[in-house]
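What follows is one structure encoded as structure tokens, with my remarks underneath.
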Amino acid sequence: MDYTMKKISKNIISLTQSDSDSDGSKWVESKKLLARKIFYQDQAKVIVVVSKSGLTDILSDQVSSFRDSIKYSNDLSITSLKFDNIDYYITLMENVPEEIIDDLVNSQEFIWGNLWLFRINKTEWNLNDNLINEIRCVLSKSTFLETPNISSELLASTSDGCELLWFNPSSNEV
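Using the UniProt record's numbering, you'd call the opening residue of the sequence shown number 1 and step up by one each time.
The following block contains the structure:
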């Protein structure tokens with residue numbers, strides 16, 4: 001992986017593109033590898049996708065078969081949340097294939113800081129008040145000028161697309 005990593009607080013790691021990566025291709029691959037490490041390798045965890053658009057609107061044509069299969073799936077837990085007069089979609093998914101994780105991290109919504117990926121235990125599969133409060137906290141500080149006080153593991157991009165913030169890294173050391 002080709003990036004610069006800096007621990008900016010006790011429970012937040014900042015990752016930025018390496019100076020040697022002139023065209024950004026290594027940065028794109030590094031983000032995908034990190035997201036896979038966090039969300040794919042531990043199947044006891046669930047990904048919570050929070051975005052302004054529904055998941056089927058975000059996923060690209062490269063994963064069209066998965067995207068089409070989830071349109072009418074009962075396996076997903078989807079709800080919406082209104083925050084500052086904006087509707088956000090919250091989608092809980094388990095056993096997410098690598099290519100879907102790659103596609104989410106490569107989406108314009110993620111790159112520009114409009115999609116957040118939470119990682120929770122399967123035992124917390126249903127959307128509880130604690131998770132909703134943490135999502136609200138992240139939405140209220142989504143520019144990350146102030147850091148949200150959350151206990152969930154979260155991977156987010158800053159709004160300029162130049163930095164990844166990894167909140168509450170689990171034992172998955174980089």
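The beta carbon of each residue, even a glycine, is placed where N, CA and C say it ideally should be.
| Length of the line joining the Cα atoms of Arg136 and Lys82 | 9 Å
| Which residue comes first and which comes last in the beta strand (DSSP E) that contains Glu153? | 153 to 157
| Does DSSP classify Gln108 as helix, strand or coil? | helix
| query | Do the stretch 34 to 53 and the stretch 98 to 109 meet, that is, are 3 or more Cβ pairs less than 8 Å apart? | reply | yes
| field | Cβ shell of Ala35 (< 8 Å), same chain only, five flanking positions each side left out | value | Ile101, Asp102, Leu104, Val105, Leu117, Leu155
| said: Taking contact to mean 3 or more Cβ pairs, one atom from each stretch, closer than 8 Å, check whether the stretch 151 to 165 and the stretch 11 to 25 are in contact. | reply: yes
| message | Relative to the C-alpha of Asp84, which candidate in Val138, Leu131, Arg119, Met5 has its C-alpha closest? | response | Val138
| said: If I follow the unbroken beta strand (DSSP E) through Glu163, where does it start and stop? | reply: 163 to 167
| Test item: CB-CB of Val48 and Ser152 under 9 Å | yes
| task | Starting from Glu134, trace the alpha helix (DSSP H) both ways and give me its first and last residue. | result | 129 to 140
| message | Ignoring anything shorter than 4 residues, give me the alpha helix (DSSP H) runs that lie fully in the stretch 66 to 120, in order along the chain. | response | 98 to 106, 108 to 111
| query | What do you reckon, are the CB atoms on residue 176 and Ser80 nearer than 9 Å? | reply | With the chain represented from 1 up to 174, any question about residue 176 goes unanswered, as that position is not in the structure.
| said: For Asp57 and Ser64, what's the separation of their Cα atoms in angstroms? | reply: 11 Å
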